[in-house]
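Q: Starting off with a structure, shown below.
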Amino acid sequence: MTMRIRLAYSLAAIGCAFSAFAETNSFLVSIRVDASRPIGPLRPIWRFFGGDEPNYATIKDGQKLLAEFGKLRPKDVYCRSHNLLNTGDGTPALKWGSTDTYHEDAQGNSLYNWRGIDRIFDSYLERGVRPYAQIGFMPQALSSKPDPYRHEWRPGLPYDRIFTGWAYPPKDYAKWGELAYQWTKHCVERYGKAEVESWYWESWNEANIGYWRGSPQDFYKLHDYAIDGVRRALPAARVGGPDCAGSGGRWTREFFEHCLRGTNYATGRTGTPLDFVSFHAKGAPVYTNDHVRMGIANQLRTIDEGFRLVASFPELKRTPIVIGVSDPEGCAACQGPSFSYRNGTMYSSYTAASFARKHDLADRHGVNFAGALTWAFTFEDQPYFAGFRQLASCGLPLPVFNVFRMLSLMNGQRITAESDAAVPLDNIIRQGVREKPDVAALANLDEHKLCIMVWHYH
């Protein structure tokens with residue numbers, strides 16, 4: 032029987048590699064795609080995005096980009112944001128956002144205001160995007176160290192200036208848990224039980240570094256009360272964490288031990304639910320000799336370590352993993368020479384090369400890899416191509432967004448794609464891509480359509 036196959040191919044990020052096609056520097060590359068050798072399902076790991084500034088989702092350029100997200104895979108794209116519970120008037124700023132969700136009256140009674148969060152989540156859902164709901168940060172009225180609270184950070188200032196009153200433990204954990212309960216209950220009433228059950232819920236961000244001004248045990252308590260609040264309102268809610276910086280090492284291992292075998296601070300019972308687990312992985316670019324040298328090795332090493340750590344727990348071996356921040360570096364709102372790769376096709380070629388290797392690492396460790404979240408959105412009311420890590424500038428999609436458009440077209444089975452110019456995975460993990468470029472491909476077969484995405488990364 033003869034099967035007719037329609038071939039679609041995409042060339043990702045060739046702009047940075049035009050010299051490879053110039054007569055003086057050209058070289059031949061052989062790429063062999065074998066549709067008879069499936070590797071396994073090509074999971075849509077690319078369908079997660081996020082940013083620090085949640086209020087951008089309610090403004091023109093943010094809404095336009097959300098609509099583009101929704102077109103990629105309607106109702107199966109997720110957006111994660113910091114600052115959803117922060118106190119403030121909803122005016123966005125770099126590395127800041129607020130919804131004014133929580134206050135207390137003179138007698139200390141809790142007062143809830145969902146209008147700010149509703150505007151953000153409404154904007155997601157109206158455009159086919161679902162929340163990856165981060166329970167954080169600490170409202171001023173609940174913070175154990177409420178002042179100073181609103182920071183005034185801008186590029187060039189020390190990063191740790193952002194860690195103000197929102198980063199501290201609650202003065203009352205029961206009120207914190209009740210806030211999570213009331214928020215979830217409100218979402219169920221507003222959007223429906225089935226809709227909210229499709230979301231991801233997690234507490235905080237990178238509690239193993241400056242984002243959390245308490246001890247690890249304080250974080251376990253914060254997490255337990257938050258997750259218990261969510262589950263009291265919606266027993267089938269999808270909950271997880273810890274969305275730590277890097278693989279987290281010992282910190283993450285002890286968090287998993289607590290969730291699997293420790294005493295839950297909120298319930299007194301053993302364990303805290305983990306429907307998914309999450310950690311972060313970032314590269315480390317540097318500016319040297321008048322060019323940016325990317326740090327893909329750093330990012331892939333962290334993913335390798337994170338997958339290995341999760342796989343070391345038999346109870347978690349099949350638990351879905353989301354890399355909750357997965358990027359070339361760690362500050363979307365920062366500017367400077369080492370970030371000058373962002374507007375051009377270096378960012379897109381890096382993204383294509385790194386996403387393919389994430390699949391390879393998941394296969395190597397035998398883990399259930401569900402997603403890698405790109406921490407890049409858009410920045411409102413900034414000059415064109417201002418140098419932030421973003422997917423669109425002033426409403427114009429940047430080259431990197433085309434990689435996600437390509438990936439959204441690739442479904443079905445991942446099939447073997449071999450290139451004689453691909454840099455081996457272990458070499459990239461050890462030293463990155465240095466001397467020779469990485470010219471390789473990702474391919475899939477979906478019924479009668481075969482797609483091949485090719486990149487040239489150096």
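No gaps in the numbering here: position 256 of the sequence shown is 287 in my numbering, and each next residue is one more.
Where a beta carbon is used, it is the ideal one built from N, C-alpha and C, also for glycine.
No experiment lies behind these values; they were computed from the predicted model shown.
Buried or exposed: where does Lys224 fall if 16 or more other Cβ atoms within 10 Å of its Cβ makes it buried?
A: exposed
Q: Let me make sure I understand the geometry here. Which of Lys467, Phe152, Arg281, Arg284 has the alpha-carbon closest to that of Tyr222?
A: Phe152
Q: How far does the beta strand (DSSP E) with Thr215 in it reach, from first residue to last?
A: No beta strand (DSSP E) holds Thr215; the alpha helix (DSSP H) holding it covers 204-222.
Q: Taking all protein chains shown into account, decide if Asp274 is buried (16 or more other Cβ within 10 angstroms of its Cβ) or exposed.
A: buried
Q: Can you tell which of Arg269, Asp65, Ser385, Gly375 has its C-alpha closest to the C-alpha of Gly463?
A: Ser385
Q: Quick check: the Cα distance between Pro200 and Arg339, rounded to an integer number of angstroms?
A: In this model, Pro200 and Arg339 are separated by some 30 Å (Cα to Cα).
Q: If contacts are defined as beta-carbon pairs under 8 Å, then Ala364 and Asp83 qualify, I think. What distance do you get, rounded to the angstrom?
A: 7 Å
Q: Which term fits Gly337, buried or exposed, when burial requires 16 or more other beta carbons within 10 angstroms of its beta carbon?
A: buried
Q: Whole beta strand (DSSP E) runs in the segment 410-467 with 3 or more residues, listed along the chain?
A: 444-450
Q: Restricting to runs no shorter than 4 residues, where is the alpha helix (DSSP H) found entirely within the segment 278-366?
A: 280-292, 327-342
Q: Can you name the residues that DSSP bridges to Trp243?
A: None, per the DSSP bridge assignment.
Q: Span of the beta strand (DSSP E) holding Lys102?
A: That residue, Lys102, is in no beta strand (DSSP E); its alpha helix (DSSP H) goes 91-103.
Q: How about Arg388 and Leu331: are their beta carbons less than 8 Å apart?
A: Yes, they are a contact pair.
Q: From which residue to which residue does the alpha helix (DSSP H) around Asp149 run?
A: 146-157
Q: Which term fits Asn144, buried or exposed, when burial requires 16 or more other beta carbons within 10 angstroms of its beta carbon?
A: exposed
Q: Just to confirm the assignment, what range does the alpha helix (DSSP H) spanning Asp394 have?
A: Under the DSSP assignment, Asp394 falls in the alpha helix (DSSP H) whose first and last residues are 376-396.
Q: Using DSSP bridges, identify the partner residues of Phe194.
A: Phe194 pairs with nothing; no bridge assigned.
Q: Please identify the residue among Tyr251, Gly397, Gly147, Val219 whose C-alpha is closest to the C-alpha of Ile352.
A: The shortest C-alpha separation from Ile352 is found at Gly397.
Q: Does DSSP classify Ser369 as helix, strand or coil?
A: helix
Q: For Trp232, report the span of its beta strand (DSSP E) as first-last.
A: 231-234
Q: Taking 8 Å as the threshold (C-beta atoms), are Asp259 and Thr215 in contact?
A: no
Q: In or out: Ala48 buried (at least 16 other Cβ within 10 Å) or exposed?
A: Caution applies to Ala48, whose pLDDT of 35 falls short of 50 and renders its modelled position unreliable; the value that the coordinates give is listed next. Its Cβ being crowded by 16 or more others within 10 Å, Ala48 is buried.
Q: Cα-Cα, which of Arg269, Leu429, Asp391 is closest to Ala472?
A: Asp391
Q: With a threshold of 8 Å, are at least 3 pairs of Cβ atoms found where one atom belongs to the segment 116-127 and the other to the segment 169-187?
A: yes
Q: Could you check whether the Cβ of Phe386 sits closer than 8 Å to any Cβ belonging to chain C?
A: The chain inventory of the structure shown lacks chain C, comprising one protein chain alone.
Q: Rounded C-beta distance between Tyr231 and Ala164? I'm assuming under 8 Å.
A: Correct: roughly 7 Å between the Cβ atoms.
Q: Would you check if there are 3 or more beta carbon pairs closer than 8 Å linking the segment 80-97 to the segment 425-445?
A: yes
Q: Going by CA-CA distance only, name the one from Gly187, Asp136, Trp127 that's closest to Gly196.
A: Closest by C-alpha distance to Gly196, out of Gly187, Asp136, Trp127, is Trp127.
Q: Apart from the five residues just before and just after Thr301, which ones in its own chain have a Cβ nearer than 8 Å to its Cβ?
A: Arg292, Gly293, Thr294, Asn295
Q: For the beta strand (DSSP E) containing Arg271, name the first residue and the last one.
A: The sequence as given places Gly at residue 271; Arg does not occur at that position. It spans 269-275 - the beta strand (DSSP E) in which Gly271 sits, taken as one unbroken run.
Q: Checking the sheet assignment: what are the DSSP bridge partners for Ile62?
A: Beta-bridge pairing links Ile62 to Ser450.
Q: Pull up the distance between the alpha-carbon of Asp469 and that of Arg420, whole angstroms please.
A: Rounded to the nearest whole angstrom, the CA to CA distance from Asp469 to Arg420 is 23 Å.
Q: Reducing DSSP to helix, strand and coil, say where His113 ends up.
A: coil
Q: Helix, strand or coil: how does DSSP classify Glu54 here?
A: Below a pLDDT of 50, predicted positions are generally treated as unreliable, and Glu54, at 47, falls in that range; the measurement from the model is reported next regardless. It is coil, neither helix nor strand.
Q: Quick check: what's the CA-CA separation for Glu228 versus Arg269?
A: Cα to Cα, the separation comes out at about 6 Å.
Q: Assuming Lys547 contacts Leu156 (C-beta within less than 8 Å), just tell me the rounded distance between them.
A: Only positions 32 to 489 of the chain appear in this structure, which leaves residue 547 out of reach.
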